[in-house]
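In my numbering, the protein residues as written are 5 to 310.
Structural data, given as structure tokens:
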């Protein structure tokens with residue numbers, strides 16, 4: 005038995021006892037996998053850089069194992085929990101702590117701006133979340149647009165998603181989601197998290213990813229929505245050349261060829277080889293986007309990135 009195994013067993017027992025006491029079981033359809041590894045917990049807290057003046061928005065706190073650790077740093081925690089039973093559990097457990105508040109709400113709809121409106125730390129808050137797979141992309145795209153509320157995000161995502169978030173041009177995992185996040189944030193993988201860090205044990209490993217939100221988009225373009233129309237066109241037809249992908253999206257061949265020339269991008273390149281800056285030049289070189297967009301999007305379309 006390793007040194008960490010007794011501590012993990014203790015957190016696992018604590019989690020099971022809390023759930024049993026409230027007649028609850030993990031709901032797989034909601035992606036409920038509760039953190040029970042003390043080492044991983046402590047490294048997430050360290051990555052969040054917490055202190056007595058910190059404000060954390062924790063999404064999906066579960067039974068509060070990570071919440072407890074963050075509160076011990078002196079930070080304030082606003083938890084957003086979709087599951088009303090878990091929200092009630094945490095509300096009862098931490099009712100005596102003035103630095104803790106919880107809202108039973110869907111993070112995809114919750115009004116973070118309203119919730120943080122009167123807090124002087126708004127804009128310096130950070131998000132900590134273990135994101136269920138089924139809401140990963142829409143939640144990330146929603147959070148990276150909220151620089152007025154958050155300084156950075158520490159998100160635990162499936163390893164495959166982390167690879168897409170941090171990929172560079174030319175990689176198979178590089179896509180519209182990568183660029184949508186690069187547009188709004190600096191993204192880096194912090195550490196790998198084994199599946200055994202959670203209860204119940206999921207089928208995949210995870211990665212802790214940090215997003216430092218930018219004060220302004222990384223590239224300036226005349227029409228941001230057109231930028232992501234171009235990106236979706238390129239990744240919706242990965243095997244096609246840029247010229248053909250743009251034609252498929254509705255631009256006349258002569259306009260596509262002329263724009264590629266002005267942008268300094270070879271017509272025979274594929275979209276997965278372009279940097280965000282090259283996409284920005286191409287977007288500005290193209291005429292107004294077509295009224296009918298025929299290109300399909302990949303599963304991480306980044307459609308709402310702007």
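Every residue, glycine too, gets a C-beta built ideally from N, C-alpha and C.
Treat the numbers as computed from the prediction; the structure is a model and nothing was measured.
- In the displayed model, residue 177 falls within coil according to three-state DSSP, outside both helix and strand.
- In the DSSP assignment, residue 216 forms a beta bridge with 156, 190.
- Exclusion of the five residues before and after residue 168 leaves 177, 178, 179, 181, 182, 304 as the residues of its chain whose Cβ lies within less than 8 Å of its Cβ.
- With contacts defined by Cβ atoms closer than 8 Å, residue 264 and residue 286 form a contacting pair.
- For residue 85, the closest alpha carbon among the candidates 105, 100, 175 is that of 105.
- Fully enclosed beta strand (DSSP E) runs of no fewer than 3 residues occupy 210-217 of the region 201-287, in order along the chain.
- Note: residue 146 is not bridge-paired with any residue in the DSSP secondary-structure output.
- Check the Cα spacing between residue 131 and each of 32, 22, 52: the tightest is with 52.
- Nearest C-alpha to residue 196 among 207, 206, 213, 185: 213.
- Cα atoms of residue 115 and residue 271: separation of roughly 43 Å, rounded to the nearest angstrom.
- One thing to note: residue 275 has its Cβ within 8 Å of the Cβ of residue 246.
- A check of alpha carbon separations from residue 153 across 160, 218, 164, 201 identifies 218 as the nearest.
- The region 76-85 and the region 28-37 do not touch, with fewer than 3 CB-CB distances between them shorter than 8 Å.
- Per DSSP, the continuous alpha helix (DSSP H) segment holding residue 96 begins and ends at 88-97.
- Each of 249, 231, 68 was checked against the Cα of residue 239, and the nearest Cα belongs to 249.
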